[in-house]
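Written out as structure tokens, the structure reads:
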């Protein structure tokens, strides 16, 4: 993999990852851009012991631009986008409207007395473009390109995890306006959180209790239970298992887990990476085959935090969709949004069966 | 308040609450309805230590019917709805497609070995109709009617809380298709959960830690901090305070709290109930006045659990909307849905200012 790091006109970092050496890679960004500013701050909600990111500057972020103003297509002629070069394999760059950023150091942080608290929101938000085809999708990638993306996420996990103030690296993709996508061009994202995210904390706490009580990995036992039960398995290979969890929250939900416990993407071996790509593309095609149109989805890598509880985590990917039927979405209404109590209208066994036969 | 309890054709309970005695109240339900069935079950997600409700029968529930097929309008002539009588003040009935129900006892519960678990989903789901006007809204109610609704919620909290297996009573309203409403006719809902909801558990845990460390009520300190800071106060009266919390998660979010600690709605005094109604209608009108069209919202009463930690809870209402601007919604995308890490694009101080001047 050929790696070319450069800077955008406003100083943001941009890195090309090429499968073959590309002469002339890394052209200058010819745009005139205002300095990046971030007004992000973290506010502590004592009522549930969580940090909330307040990022007022993001209100003006680019919102569903027409295809000919897409900022994620390569630059061509006078049409200058976020990506100066005329083509790319995979390119990663700092988000122009970051929720977490080193640029946030200048934000004015309010004086919030206890039990509240406020602080700057350091960290990092990156955009991951994996195809220059505006109408492409991850499912359309070649295995080679998908493998390149995985290697890029592992690279970014190491680099972002080493940044000051980053506690957890979250690699994910949102696809579809139904899940809040603001740019149609397919892309992933990476958040370097300045805290351990609430759900990660809940998972680590459950994992720690289980390890204390039994000496075993909770996730490994879940995986074993699914392999024993068989009925929710979607697909497997020598190194990975894809299953609908027995307590799925979403009408479509699949976990892809390696067959051995690893903390994060950089820990994956070469063969495990190749094997993941095969299984993930297979599951993606099944997801797309469920209905006449591809389902919206959120694809989320769950990794160990950067510096604590790494032995408690078990790397896996959670892929889920709010689509409960064509034209019908699962909304996070009162019970989910206000109480965190999920209602799933679809039996996990049915979802697994549908995905197996898709 | 005049209370008339009756049964629907399929045996579900229906209760009219009338402001004045209404002769002939409680006509028979002349429909032929199949028996209520509930296939609800609870599945335990060990990875985060939470119960998920799986309710496959709800997939076929009524979905945005046209106005002339509205099941929440009163029955007229041959058009028979969920409400047999020709008019009503407030009427409450068991949901035909309940996520939690005594009818669920007959569902076949799968054998899920540890670390999973499955069990029936007892409990109760009720619909609260507070106006026979299909195009009405809570904000349009008279103070008297709004007070009746509050009294009904207090009544239901006591009755539902006394049912076998109910651990928490959650009264809420979803308004707008943007938050997943499946019936346009304005209505509230009540869930009698067979567990303590995840967010309630998080609040009780934070409250317990704070009480252990300081001997004080965490929520009372939050309220004091907001009263001291002043800038996020939306409106107040002698008994209630409405404020945008400093760590608001949503572009529009308001907490309405009584000025003294109470566990639940039944504990509210007569004057506190009247005072709530005045403040809530005022805040509702401000919410509706923010934009050209009324904002979608979720309105959620946070009460103490039925039988534990009642001294740790502090009754309040949380009102929030995902609308961040006209035509733009806050989506719960990767960070919120997968990680529980909220990004708010609007400063809480700005929201409070906008609501004050609306």
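Residue numbers (our numbering), protein chains in the order written: chain A, 36 to 393; chain W, 36 to 393. Glycine included, C-beta positions come from ideal geometry on N, C-alpha and C. Here the structure is a predicted model, which means the values were calculated and not measured.
From the DSSP output, read off the bridge partner residues of residue i.
i                      : result
residue 334 of chain A : A:208 and A:354
residue 76 of chain W  : W:89 and W:155
residue 366 of chain W : Bridge partners of residue 366 of chain W: none, in fact.
residue 224 of chain A : A:162 and A:207
residue 37 of chain A  : A:53
residue 118 of chain W : W:109
residue 379 of chain W : A:89
residue 360 of chain A : A:363
residue 83 of chain W  : Residue 83 of chain W pairs with nothing; no bridge assigned.
residue 98 of chain W  : In the DSSP output, where bridge partners are listed per residue, residue 98 of chain W has none listed.
residue 395 of chain A : Since the first residue shown for chain A is 36 and the last is 393, residue 395 of chain A is missing from the structure and cannot be characterised.
residue 129 of chain W : W:161
residue 42 of chain A  : A:48
With distance defined between alpha-carbon atoms, name the residue in the options nearest to residue i.
i                      : options                       : result
residue 310 of chain W : W:329, W:273 and W:148        : W:273
residue 123 of chain A : A:158, A:201, A:36 and A:325  : A:36
residue 98 of chain W  : A:146, A:377, A:376 and A:364 : A:364
residue 347 of chain A : A:146, A:78, A:198 and A:253  : A:253
residue 395 of chain W : W:303, W:226, W:265 and W:263 : Because chain W spans 36 through 393 in this model, residue 395 of chain W falls outside it and cannot be assessed.
residue 328 of chain W : W:335, W:334 and W:320        : W:320
residue 61 of chain A  : A:228, A:239, A:120 and A:390 : A:120
residue 380 of chain W : W:373, W:389, W:358 and W:226 : W:358
residue 335 of chain A : A:177, A:288 and A:294        : A:288
residue 53 of chain W  : W:42, W:165 and W:175         : W:165
residue 79 of chain A  : W:229, W:201 and W:284        : W:284
residue 295 of chain A : A:312, A:281, A:305 and A:275 : A:275
residue 211 of chain A : A:372, A:356, A:299 and A:101 : A:356
residue 72 of chain A  : A:313, A:270, A:301 and A:135 : A:135
residue 146 of chain A : W:90, W:264 and W:313         : W:264
residue 101 of chain A : A:241, A:133 and A:169        : A:169
residue 67 of chain A  : A:138, A:82 and A:117         : A:117
residue 220 of chain A : A:181, A:171, A:267 and A:243 : A:171
residue 312 of chain W : W:126, W:181 and W:110        : W:181
residue 149 of chain A : W:330, W:307 and W:249        : W:249
residue 286 of chain A : A:58, A:130, A:382 and A:175  : A:382
residue 44 of chain W  : W:70, W:58, W:51 and W:59     : W:70
residue 239 of chain W : W:350, W:77, W:307 and W:104  : W:350
residue 125 of chain W : W:266, W:112, W:188 and W:110 : W:188
residue 401 of chain A : A:393, A:108 and A:143        : As shown, chain A starts at 36 and ends at 393. That puts residue 401 of chain A outside it, with no answer to give.
residue 196 of chain A : A:42, A:300 and A:353         : A:300
residue 374 of chain W : A:226, A:256, A:322 and A:246 : A:226
residue 344 of chain A : A:352, A:307, A:298 and A:213 : A:298
residue 65 of chain A  : A:58, A:59 and A:110          : A:110
residue 154 of chain W : W:77, W:279 and W:42          : W:77
residue 46 of chain A  : A:316, A:130 and A:384        : A:130
residue 86 of chain A  : A:105, A:156 and A:115        : A:156
residue 108 of chain A : A:255, A:133, A:176 and A:218 : A:218
residue 323 of chain W : W:133, W:392 and W:267        : W:392
Could you give the C-beta distance for residue i and residue j, rounded to a whole number, given that I count them as a contact under 8 Å?
i                      : j                      : result
residue 277 of chain A : residue 291 of chain A : 5 Å
residue 56 of chain W  : residue 75 of chain W  : At roughly 37 Å, the Cβ-Cβ gap does not stay under 8 Å, so residue 56 of chain W and residue 75 of chain W are not in contact.
residue 318 of chain W : residue 224 of chain W : About 20 Å; that fails the 8 Å criterion.
residue 90 of chain A  : residue 262 of chain W : The Cβ separation is near 27 Å, so there is no contact.
residue 270 of chain A : residue 325 of chain A : Wrong, their Cβ atoms sit about 14 Å apart, outside the cutoff.
residue 192 of chain A : residue 338 of chain A : 7 Å
residue 200 of chain W : residue 158 of chain W : 6 Å
residue 173 of chain A : residue 48 of chain A  : Actually they do not touch by this definition, with Cβ atoms about 23 Å apart.
residue 202 of chain A : residue 341 of chain A : 6 Å
residue 84 of chain A  : residue 241 of chain W : 5 Å
residue 333 of chain A : residue 209 of chain A : 6 Å
residue 81 of chain A  : residue 151 of chain A : 6 Å
Next on the checklist: Give the list of continuous alpha helix (DSSP H) stretches no shorter than 4 residues that lie fully inside the segment 300 to 330 of chain W.
Outcome noted: 305 to 324
Checklist entry - Using 8 Å as the Cβ pair cut-off and three pairs as the minimum, do the segment 222 to 239 of chain W and the segment 37 to 49 of chain W touch? => result no
Next on the checklist: Would the segment 386 to 393 of chain W count as touching the segment 364 to 373 of chain W if we require 3 or more Cβ pairs under 8 Å?
Outcome noted: no
Item to check | Inside the segment 231 to 309 of chain W only - alpha helix (DSSP H) runs reaching at least 4 residues | outcome: 233 to 249 and 253 to 264
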